[in-house]
Structures are given as C-alpha cells and as structure tokens.
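K.L.:
Next up is a structure, given as structure tokens.
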Amino acid sequence: MNATALSGSLARTAVIALHYQNDVLDPRGKIRVGFDTDQPERAAVLDAARALLAGARGYGLPIVHVRIAFRDDYADLPRNAPIFVRTAELGAVRDGSWGARFHPTLEPDPARALDYVVHHRCTSGFIGTPLEQMLTAHDVRHVIVAGVATHSTVEMTARHAADLGYRVTVAADACACADRRQHDASLESMRLIATISTVAGLFGAGSQTEGE
Numbered sequence: 001m002n003a004t005a006l007s008g009s010l011a012r013t014a015v016i017a018l019h020y021q022n023d024v025l026d027p028r029g030k031i032r033v034g035f036d037t038d039q040p041e042r043a044a045v046l047d048a049a050r051a052l053l054a055g056a057r058g059y060g061l062p063i064v065h066v067r068i069a070f071r072d073d074y075a076d077l078p079r080n081a082p083i084f085v086r087t088a089e090l091g092a093v094r095d096g097s098w099g100a101r102f103h104p105t106l107e108p109d110p111a112r113a114l115d116y117v118v119h120h121r122c123t124s125g126f127i128g129t130p131l132e133q134m135l136t137a138h139d140v141r142h143v144i145v146a147g148v149a150t151h152s153t154v155e156m157t158a159r160h161a162a163d164l165g166y167r168v169t170v171a172a173d174a175c176a177c178a179d180r181r182q183h184d185a186s187l188e189s190m191r192l193i194a195t196i197s198t199v200a201g202l203f204g205a206g207s208q209t210e211g212e
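When you line the sequence shown up against the UniProt record's numbering, it's residues 1 to 212, in that order.
This is the structure:
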C-alpha cells in the first residue's frame, strides 16, 4: 500500500495483538477463558486474526504482539487476582514452554522491522512494558486492539489506551471469550471508549463498523 492509502483512517495507526498464544488459542491449551475446548468459533477468530496481521503488514503498520508468560515457579505472578492464581494452578504460559509460544499461524515476523514483541504479566498490555514508548516512537495516535480474551486483556488494554489519549478501535471478530455473552457484553461496554469494527471494515473498502 502507498502513503496515500494511509492518509485516511489508518494514518498514525498501530495494531496491538494480545495473547495469540498456544495455551490461549490451541484446543490443547490450558487456558479456557477465551475458548472452550470444542468452541466452533475458534476457526473464524483465527482467520480474522490472521487477516488482521496480514492487513496491518500490507498497510505498513506497526504491530505490537503482547505475550503473557511467567517463570516456572510463578514467583513473578501477581497473586492479587483470581485470574492469575488460576493460571498458576493450571500450570499455564510458563516462559519457554509450548503454551507460552505464539500460535504458529499468528507469530511475529522476525524479518519485519515493524513487528515488535512485548512480554507482560498483567491484564493491560501497557503495564510493565515499553508499549507506550513504542507507540510514541512511531507517532501513533490510533490503536487497533485485538486478542483473547475480549473481556480481559483486550478490554483492559483498550481502556488503558483510551485513558492515555489514543483513539481506539477494537477488531471484534479477531477477539473471543469462552462465553459469547461475555464477549458481546464487553464489546458493548467498550463502545464508550472505542469504535467496534470488523477486520474487513478496517482493511476492506469503506469504513464498515460492526452492526452496520
């Protein structure tokens, strides 16, 4: 895509891709907040996430891949919230393990200068990471947020971004919850601080938002 294509809604934009990791996305993974084992929406969400990353690369946008992982002994895991306690109980996302690796179809491109990886241990992608500094370095004013689970890391990161002054769009079809009602409720709640879009609405012709 040329610079002219970036002069509209995708100018000064970056993608924040959250927790596209094996323990979260793969049916053999240990975390069930985003998907149940046999959830039929899995393939569609993975397809949308792949399209999101491909679209961002096609438009020359920075992508920040946010991964969550902990030490083998979980000494670095926050224990103030049930979600983290449950992560340790499950033995999930141990750093260096298969579960903590990116899903093989959603990995960062190591040959691409605009693909970045940050590692965090909280629900917001901004806490304890250089994410904000990366966005500032690229003069980003608009972030597209997507990942799993919608009502956890996606919503927390989207709200944090809005509080920092970014214009926020959530790529809804590249997000998921194990409970579809929670997914829908989270998207509805985020309409207060974000535009809710589809991946096709972002990178296809026109400016389609979910529900239009």
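By construction, the Cβ of each residue, glycine as well, lies at the ideal position given by its N, Cα and C atoms.
Apart from the five residues just before and just after Ala194, which ones in its own chain have a Cβ nearer than 7 Å to its Cβ?
P.N.:
What you label residue 194 is simply residue 194 of the sequence shown in a count that begins at 1. Taken in chain order, the residues that qualify are Ala158, Ala162, Val168, Thr169 and Val170.
K.L.:
What is the DSSP secondary structure of Phe126, counted as helix, strand or coil?
P.N.:
The residue you call residue 126 lines up with position 126 of the sequence shown. The answer is coil: DSSP assigns Phe126 none of H, G, I, E or B.
K.L.:
Quick one, are the C-beta atoms of Ala48 and Ala174 less than 7 Å apart?
P.N.:
Residue numbering aside, residue 48 sits at position 48 when the sequence shown is read from its first letter. Residue numbering aside, residue 174 sits at position 174 when the sequence shown is read from its first letter. The answer is yes: Cβ separation under 7 Å.
K.L.:
So, is Ser146 buried or exposed, given that buried needs 16 or more other C-beta atoms within 10 angstroms?
P.N.:
Counting from one through the sequence shown, the residue named residue 146 turns up at place 146. According to the sequence displayed, residue 146 carries Ala and not Ser. It is buried - the Cβ of Ala146 has at least 16 other Cβ atoms within 10 Å.
K.L.:
Alpha carbon to alpha carbon, how far is Arg42 from Gln133? Give it in angstroms, no decimals.
P.N.:
Taking the first residue of the sequence shown as position 1, residue 133 is located at position 133. Taking the first residue of the sequence shown as position 1, residue 42 is located at position 42. Computed Cα separation, rounded: 33 Å.
K.L.:
From the DSSP output, in three-state form, read off Asp184 for me.
P.N.:
Start at 1 with the first residue of the sequence shown, and residue 184 comes out as number 184. DSSP places Asp184 in helix when its eight states are reduced to three.
K.L.:
Smallest Cα separation from Met190: which of Gly201, His160, Phe203 and Leu202?
P.N.:
If you number the sequence shown from 1, residue 190 lands on position 190. Among Gly201, His160, Phe203 and Leu202, the Cα nearest to that of Met190 is on His160.
K.L.:
By how many angstroms is the C-alpha of Ser186 removed from the C-alpha of Asp72?
P.N.:
Here the question's residue 72 lines up with position 72 in the sequence shown. Here the question's residue 186 lines up with position 186 in the sequence shown. About 32 Å.
K.L.:
Helix, strand or coil, according to DSSP, for Ile83 in the structure here?
P.N.:
Here residue 83 corresponds to residue number 83 of the sequence shown, with the count starting at 1. Three-state result, Ile83: helix.
K.L.:
Measure how close the beta-carbons of Arg67 and His19 come, nearest whole angstrom, since I'm counting them as under 8 Å.
P.N.:
Indexing the sequence shown from 1 puts residue 67 at position 67. Indexing the sequence shown from 1 puts residue 19 at position 19. The pair is a contact, with the Cβ atoms about 7 Å apart (cut-off 8 Å).
K.L.:
With a 10 Å radius around its C-beta and 16 neighbouring C-beta atoms as the bar for buried, classify Glu155 as buried or exposed.
P.N.:
One-based indexing of the sequence shown puts residue 155 at position 155. Under this definition Glu155 is a buried residue.
K.L.:
Is the CB-CB distance between Ala14 and Val140 below 7 Å?
P.N.:
Within the sequence shown, residue 14 is the residue found at index 14, counting from 1. Within the sequence shown, residue 140 is the residue found at index 140, counting from 1. In contact: Ala14 and Val140 (Cβ atoms closer than 7 Å).
K.L.:
Mapping DSSP to helix, strand and coil, what is Ala113?
P.N.:
Residue numbering aside, residue 113 sits at position 113 when the sequence shown is read from its first letter. In the structure shown, Ala113 sits in coil (DSSP, three-state: anything other than H, G, I, E or B).
K.L.:
Which partner residues of Ala146 appear in the DSSP bridge assignment?
P.N.:
Taking the first residue of the sequence shown as position 1, residue 146 is located at position 146. Note: Ala146 sits in a beta bridge opposite Ala17.
K.L.:
Please tell me whether Ala17 and His65 are closer than 7 Å, where the distance is taken between their beta carbons.
P.N.:
Position 17 of the sequence shown, counting from 1, holds the residue named residue 17. Position 65 of the sequence shown, counting from 1, holds the residue named residue 65. Yes.
K.L.:
Which whole-angstrom value describes the C-beta separation of His172 and Ile196, a residue pair presumed to lie in contact below a C-beta threshold of 8 Å?
P.N.:
Walking along the sequence shown from the start, residue 172 turns up at place 172. Walking along the sequence shown from the start, residue 196 turns up at place 196. Note that residue 172 is Ala in the sequence shown here, rather than His. Yes, Ala172 and Ile196 are in contact; Cβ-Cβ is about 5 Å, under 8 Å.
K.L.:
Using DSSP's beta-bridge definition, name the partner residues of Arg167.
P.N.:
Here residue 167 corresponds to residue number 167 of the sequence shown, with the count starting at 1. Answer is His142.
K.L.:
How would you call Ala105, buried or exposed, if buried means at least 16 neighbouring beta carbons within 10 angstroms?
P.N.:
Locating residue 105 in the sequence shown gives position 105, where the first residue counts as 1. Residue identity differs from the one stated: residue 105 is Thr in this sequence, not Ala. By the neighbour-count rule (16 or more Cβ atoms within 10 Å), Thr105 is not buried but exposed.
K.L.:
Identify the continuous alpha helix (DSSP H) that holds Arg121 and give its terminal residues.
P.N.:
Here the question's residue 121 lines up with position 121 in the sequence shown. Where Arg121 is concerned, there is no enclosing alpha helix (DSSP H), given that its DSSP letter is neither H nor E.
K.L.:
At which residues does the alpha helix (DSSP H) containing Arg42 begin and terminate?
P.N.:
Start at 1 with the first residue of the sequence shown, and residue 42 comes out as number 42. Its alpha helix (DSSP H) spans residues Arg42 to Gly58.
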